[in-house]
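Asker: I'd like to ask some things about the structure below.
Chains as they are written, first to last, in the working numbering: chain G, 1 to 222; chain V, 1001 to 1246.
Spelled out as structure tokens, the structure:
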């Protein structure tokens, strides 16, 4: 357990101190949201209607942006080999790494969401609802992305391929995330139904993600 | 002949060469019978002759899913038993599956234009088939990125299995998403609601397409084994060449 905690805090410290991680992700999220009104036009009613979708897409792209560093840095300096050889089960080790990654890149996106919602003419309560769905949904994006990161870690041209592999798998999370946000704003469906399915998807991808990523790492690194 | 006997690529190649002419013949006969049946099938009273697109569309859709199922079985063979032919089977199946998925989407939109008035709607079935195509393309991209085929196969087996778990979820979520926005305009065809005059040609065509898939798959596996041999021979030749570092 202490080994896992050490790994977790090491990754958090690395992400916070080396820069280029969380801050860039939030900045990218901000830029995506700011670009949308330029493309769509400053129609406030329209922006309010598609605001949750824009926020979800922005968060999805921003979380994708940092995924290729999730395991690649450890692969380059050799610490991934040590993690593979350690007695700690690889599944738990990658879970700790993914949790640290979510804490440093996913959570800042969630925190920034209510503020960015104001740009899209979403009032405070609506922005909080979207942030809540992102809080439930972004761990799923991280754990699905973990599979892609593990598959592409040993490839030299893995960055773009990672996006191609991961994005189709995130379709269900996107669907239920946006429909939960919309249910909170306009109804008529109850908020609970899509939201609980979103939580279920997150738990499901937690299980699938760590086992598939560990399997992919074992096969790829030998 | 047990499955383990096929683990020897040489034996598989000789078997494939013996079986392929028969498979090609059977495919040709099945297509001849199927097309004759389709020609004789009555036009739909509303859709006219365009209903005949169905005889290509439905078997392609079926094979697009069967092919992923086959790749998942091969992925299990790769990961669990390290069966040497399993990754050859998986690699050979991916482009064929993508082709059938593409065929399904193209015939579907050509059928949709006269019937629904548009080439594309964001209907549940169409969307999940499109996601399936994207996943096939991602898989093929991964095959082409990793140089060493035996190492690629195990990574890809993981992705294939994840995809196999995810496809029903995608299907289910897309169904749900569709019913939110688009009430009961889904086109449903229950097996029992089809008249025998159309159902029989459809089943014959499905058989013909399945035979075509098996033929193409065996031929592609055969080619893949030869391709790997050529690759090994070229590597050996490059090693033995004068001036190369030894």
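All C-beta atoms, glycine included, are put in the ideal place defined by N, C-alpha and C.
Got a sec: does the ligand FAD put a non-hydrogen atom nearer than 7 Å to the Cβ of residue 1209/V?
Answerer: As presented, the structure is devoid of all ligands, the ligand FAD included, so that no description of it is given.
Asker: Exposed or buried, which one is residue 1335/V when buried takes at least 16 other CB atoms within 10 Å?
Answerer: With chain V represented from 1001 up to 1246, any question about residue 1335/V goes unanswered, as that position is not in the structure.
Asker: Name, please, each residue of chain V whose Cβ falls closer than 8 Å to the Cβ of residue 139/G.
Answerer: Neighbours of residue 139/G on chain V: none; closest Cβ ~16 Å, over 8 Å.
Asker: Assuming residue 90/G and residue 218/G make a contact with CB atoms under 8 Å, what is their CB distance in whole Å?
Answerer: About 7 Å separates the two Cβ atoms, so the contact holds.
Asker: Taking any Cβ of chain V, which residues in the region 152-177 of chain G have a Cβ under 7 Å from it, in chain order?
Answerer: Listed by position along the chain: 155, 157, 161, 164, 165, 168, 169, 171, 172, 175, 176.
Asker: Could you give the residue range of the alpha helix (DSSP H) that holds residue 1234/V?
Answerer: From DSSP, the alpha helix (DSSP H) with residue 1234/V extends over 1196-1240.
Asker: Find out if the Cβ-Cβ distance for the pair residue 198/G, residue 180/G is shorter than 8 Å.
Answerer: Yes, Cβ-Cβ distance for residue 198/G and residue 180/G is below 8 Å.
Asker: Nearest to residue 93/G by alpha carbon, out of 221/G, 211/G, 103/G?
Answerer: Closest option to residue 93/G, Cα to Cα, is 211/G.
Asker: Is it buried or exposed for residue 1234/V, if we count other Cβ within 10 angstroms and need 16 for buried?
Answerer: Counting Cβ neighbours within 10 Å, residue 1234/V comes out exposed, since fewer than 16 surround it.
Asker: Cutting at 8 Å between CB atoms, please list the residues of its own chain near residue 1/G, excluding the five before and the five after it.
Answerer: The answer is none, since no qualifying residue turns up.
Asker: Within 10 Å of its beta-carbon, does residue 1087/V have 16 or more other beta-carbons around it, so buried, or fewer, so exposed?
Answerer: The residue is buried, with at least 16 neighbouring Cβ atoms inside 10 Å.
Asker: The alpha helix (DSSP H) with residue 108/G in it runs from where to where?
Answerer: From DSSP, the alpha helix (DSSP H) with residue 108/G extends over 107-119.
Asker: Which residue marks the beginning of the alpha helix (DSSP H) containing residue 1111/V, and which one marks its end?
Answerer: Segment 1084-1116, the alpha helix (DSSP H) holding residue 1111/V.
Asker: Apart from the five residues just before and just after residue 216/G, which ones in its own chain have a Cβ nearer than 7 Å to its Cβ?
Answerer: 147, 150, 151, listed in sequence order.
Asker: Looking at the structure shown, is residue 1/G part of a helix, part of a strand, or coil, going by DSSP?
Answerer: In the structure shown, residue 1/G sits in coil (DSSP, three-state: anything other than H, G, I, E or B).
Asker: Of all the beta strand (DSSP E) runs that stay within the bounds of the region 155-201 of chain G, which reach a length of 3 or more residues?
Answerer: Correct list: empty.
Asker: Assign residue 128/G to one of three DSSP states: helix, strand, or coil.
Answerer: Helix.
Asker: Are the C-beta atoms of residue 1145/V and some chain G residue less than 8 Å apart?
Answerer: Yes, contact with chain G.
Asker: Do the region 1137-1157 of chain V and the region 1090-1102 of chain V meet, that is, are 3 or more Cβ pairs less than 8 Å apart?
Answerer: As far as the Cβ criterion goes, the region 1137-1157 of chain V touches the region 1090-1102 of chain V, which means the pair count is three or higher.
Asker: Output yes or no for whether 8 Å exceeds the beta carbon distance between residue 60/G and residue 174/G.
Answerer: The answer is yes: Cβ separation under 8 Å.
Asker: With distances taken from CA atoms, which of 1148/V, 1142/V, 1065/V is nearest residue 1166/V?
Answerer: Nearest of 1148/V, 1142/V, 1065/V to residue 1166/V, Cα basis: 1065/V.
Asker: Would you say residue 1229/V faces chain G, with C-beta separation under 8 Å as the test?
Answerer: So no, residue 1229/V is outside the interface.
Asker: Quick check on DSSP: helix, strand or coil for residue 1119/V?
Answerer: Residue 1119/V falls in the coil class under three-state DSSP.
Asker: Using a Cβ cut-off of 7 Å, pull out every chain G residue sitting near residue 1138/V, in sequence order please.
Answerer: Residues of chain G passing the Cβ test: 164, 165, 168.
Asker: Relative to the alpha-carbon of residue 82/G, which residue among 134/G, 203/G, 3/G, 207/G has its alpha-carbon at the smallest distance?
Answerer: Of the listed residues, the one whose Cα sits closest to residue 82/G is 3/G.
Asker: Looking at the structure shown, is residue 122/G part of a helix, part of a strand, or coil, going by DSSP?
Answerer: Residue 122/G falls in the coil class under three-state DSSP.
Asker: Would you tell me roughly how many angstroms separate the C-alpha atoms of residue 119/G and residue 47/G, rounded to the nearest one?
Answerer: Spanning the two alpha carbons is a distance of roughly 9 Å.
Asker: Taking the C-alpha atoms as reference points, what is the distance between residue 53/G and residue 40/G?
Answerer: C-alpha separation (whole angstroms): 13 Å.
Asker: Could you spell out the range, first to last residue, of the alpha helix (DSSP H) harbouring residue 78/G?
Answerer: Looking at the DSSP string, residue 78/G is not in any alpha helix (DSSP H), and its letter there is neither H nor E.
Asker: Give me the chain V residues within the contact set of residue 212/G, using Cβ-Cβ distance strictly less than 7 Å, ordered along the chain.
Answerer: Those within 7 Å of residue 212/G in chain V are 1158, 1162.
Asker: In chain order, what residues of the same chain have a beta carbon less than 6 Å from the beta carbon of residue 220/G, not counting five sequence neighbours either side?
Answerer: Only 154 meet the Cβ criterion.
Asker: Please classify residue 1008/V: does DSSP put it in a helix, a strand, or coil?
Answerer: In this structure, residue 1008/V counts as coil in the three-state DSSP scheme.
Asker: From residue 1109/V to residue 1127/V, what distance separates their C-alpha atoms?
Answerer: Going by the C-alpha atoms only, they are around 12 Å apart.
Asker: Could you tell me the boundaries of the alpha helix (DSSP H) in which residue 1053/V lies?
Answerer: Neither: residue 1053/V is in no alpha helix (DSSP H) and is coded neither H nor E.
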